[in-house]
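The next block holds one structure in the form of structure tokens; read it before the comments.
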């Protein structure tokens with residue numbers, strides 16, 4: 022499973038990445054978590070508001086920091 | 004009711020003397036803090052719900068159909084409700100231009116979004132009353148519209164970094180969240196914003212309370228009062244390099260006006276701090292050539308100065 026956290030690198034993006042990491046540890050799921058800061062790649066997904074989460078090329082959320090429960094749900098969907 | 008609570012805490016529980024510097028400063032502090040946090044929680048939550056209906060991904064589809072000055076008006080108004088932080092400035096800018104939105108309309112959005120925000124509205128409402136809050140929002144929107152129209156008329160597209168126009172935005176399916184989901188998201192957002200702005204509010208109101216209790220009235224009037232015709236441009240020049248948000252600036256500005264600084268000068272300082280910041284300039288430099296960036300900052304600074312003078316002349 023590939024989880025991408027999209028965002029130029031503000032505190033909101035870092036918080037999102039932290040939540041993803043913690044959730045994965047909690048669930049005991051292994052995943053390839055990538056930070057995407059390149060603006061071209063972010064735009065190619067179609068989102069403007071960051072942070073955004075893309076799991077296995079599916080956009081799960083954008084423009085807000087998701088809750089741990091949401092991340093859990095998405096990870097189990099894609100597992 | 005809040006006022007009497009602050010009175011009880013300071014004069015009864017802490018047994019401080021009425022009229023003493025420390026007691027008055029503390030009273031002012033407690034009262035303002037409670038009032039601002041109540042307002043912040045309520046209004047951020049309501050605005051977050053409204054915002055969920057206007058994601059930028061939809062805004063851009065809507066705005067590219069609007070041309071000329073109608074586009075500027077819509078862009079400035081949408082800037083109020085669209086979530087914005089400095090790090091979103093680049094994707095917004097590129098995404099809007101890519102959708103075929105004219106540069107001037109994009110600029111209207113880019114000005115109104117940081118200047119006119121709900122935290123500024125709440126802080127002004129809580130500390131100055133709703134008339135000043137409305138005045139601030141209104142002038143912010145007018146500045147955004149006018150500056151956008153001027154920049155549009157100047158045909159400055161060639162000063163946008165060329166890679167911007169080569170960007171391709173992917174297609175994104177926008178799903179409609181349920182109302183319950185909107186409420187949950189709004190509450191999450193409110194908690195995040197409160198966490199982020201509370202140190203600023205506590206510090207800002209603290210400095211404000213200090214000025215309120217200790218700085219003599221005559222001092223500031225001499226420096227920034229009506230007697231100094233250059234107070235407004237100086238306030239703007241001071242405001243640009245300052246990096247703060249509305250939550251941190253407004254309590255200080257309120258204390259300044261209480262000590263005799265005219266309201267127009269104070270509002271100009273605030274707009275310069277929130278609307279024209281150095282970090283924003285550095286980030287926007289990635290998509291704008293220096294000339295466009297300079298014109299953008301110049302026009303907005305000029306507009307803020309004019310608004311400052313206008314308010315100083317109208318409100319006495």
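Protein chains in written order, with this note's numbering: chain A, 22 to 100; chain B, 4 to 319.
Yeah, the Cβ is synthetic: ideal placement off N, Cα and C, and Gly gets one too.
Computed from a prediction, not measured in an experiment: that's the story for all the values here.
Out of curiosity, what's the CA-to-CA distance linking residue 159 (chain B) and residue 106 (chain B)?
The sequence position of residue 159 (chain B) within the second chain is 156, counting from 1. The sequence position of residue 106 (chain B) within the second chain is 103, counting from 1. Taking the Cα positions, residue 159 (chain B) is about 8 Å away from residue 106 (chain B).
Could you spell out where the beta strand (DSSP E) holding residue 82 (chain A) opens and where it closes?
In the first chain, counting from the first residue as 1, residue 82 (chain A) sits at position 61. Bounds of the beta strand (DSSP E) holding residue 82 (chain A) are 79–83.
Three-state secondary structure (DSSP) at residue 74 (chain A)?
By 1-based counting over the first chain, the position of residue 74 (chain A) is 53. Reduced to three states, the DSSP call for residue 74 (chain A) is strand.
Compare the C-beta of residue 101 (chain A) against all C-beta atoms of chain B and say whether one is closer than 7 Å.
For residue 101 (chain A) there is no data in the structure shown, the boundaries of chain A being 22 and 100.
Just to confirm, is the Cβ distance from residue 311 (chain B) to residue 260 (chain B) under 7 Å?
For the purposes of this step, residue 311 (chain B) is taken as the residue at position 308 of the second chain. For the purposes of this step, residue 260 (chain B) is taken as the residue at position 257 of the second chain. Against a cut-off of 7 Å, the Cβ pair of residue 260 (chain B) and residue 311 (chain B) comes out as no contact.
Where do the ends of the beta strand (DSSP E) carrying residue 24 (chain A) lie?
Your numbering for residue 24 (chain A) matches position 3 in the first chain. From DSSP, the beta strand (DSSP E) with residue 24 (chain A) extends over 23–27.
Can you look up residue 59 (chain A) in the DSSP assignment and give me helix, strand or coil?
Translated into the one-based positions of the first chain, residue 59 (chain A) becomes position 38. Coil, per DSSP.
For residue 42 (chain A), three-class secondary structure by DSSP
The residue you call residue 42 (chain A) lines up with position 21 of the first chain. In this structure, residue 42 (chain A) counts as helix in the three-state DSSP scheme.
Bridge partner(s) assigned by DSSP for residue 53 (chain A):
Here residue 53 (chain A) refers to the residue found at position 32 when the first chain is read from its first residue. For residue 53 (chain A), which the question treats as bridged, DSSP gives the partners A:23.
To test your reading of the DSSP string, which unbroken alpha helix (DSSP H) runs of 4 or more residues are found completely within the region 6–81 of chain B?
24–54 and 59–66
Given a cut-off of 7 Å, decide if residue 85 (chain B) and residue 117 (chain B) are closer than it, judged by their beta-carbon atoms.
Counted from its first residue, the second chain places residue 117 (chain B) at position 114. Counted from its first residue, the second chain places residue 85 (chain B) at position 82. No; because the gap between Cβ atoms is not below 7 Å, this pair is not in contact.
Going by DSSP in three states, residue 291 (chain B) sits in which element: helix, strand or coil?
Numbered from its first residue, the second chain carries residue 291 (chain B) at position 288. In this structure, residue 291 (chain B) counts as strand in the three-state DSSP scheme.
Residue 275 (chain B) to residue 35 (chain B) span [Cα, whole Å]
Looking up residue 275 (chain B) in the second chain gives position 272. Looking up residue 35 (chain B) in the second chain gives position 32. Those two C-alpha atoms are separated by around 24 Å.
Taking 7 Å as the threshold (beta carbon to beta carbon), is residue 169 (chain B) in contact with chain A?
Within the second chain, residue 169 (chain B) is the residue found at index 166, counting from 1. No - not a single Cβ of chain A is within 7 Å of the one on residue 169 (chain B).
If we define contact as Cβ-Cβ less than 7 Å, is residue 48 (chain A) a contact residue for chain B?
To locate residue 48 (chain A), count along the first chain from 1; it is residue 27. For residue 48 (chain A), the answer is no, since every Cβ of chain B falls outside 7 Å of its Cβ.
By how many angstroms is the C-alpha of residue 95 (chain B) removed from the C-alpha of residue 171 (chain B)?
One-based indexing of the second chain puts residue 171 (chain B) at position 168. One-based indexing of the second chain puts residue 95 (chain B) at position 92. Those two C-alpha atoms are separated by around 13 Å.
Any Cβ of chain B within less than 7 Å of the Cβ of residue 66 (chain A)?
Within the first chain, the letter at position 45 stands for residue 66 (chain A). Interface residue, yes.
Would you list the one or two residues that DSSP bridges to residue 163 (chain B)?
As a first step, residue 163 (chain B) is located in the second chain; it is residue number 160 there, counting from the start. Note: residue 163 (chain B) sits in a beta bridge opposite B:291.
Can you give me, in chain order, the residues of the region 93–109 of chain B that have a beta carbon less than 7 Å from any beta carbon in chain A?
93, 94, 95, 97 and 98
Give the residues of chain B in contact with residue 86 (chain A), contact being defined as C-beta atoms less than 9 Å apart.
Start at 1 with the first residue of the first chain, and residue 86 (chain A) comes out as number 65. 191, 192 and 195, listed in chain order.
Nearest residue (CA-CA) to residue 303 (chain B), options B:214, B:244 and B:110
Working through the second chain from its first residue, we reach residue 303 (chain B) at position 300. The shortest Cα separation from residue 303 (chain B) among B:214, B:244 and B:110 belongs to B:110.
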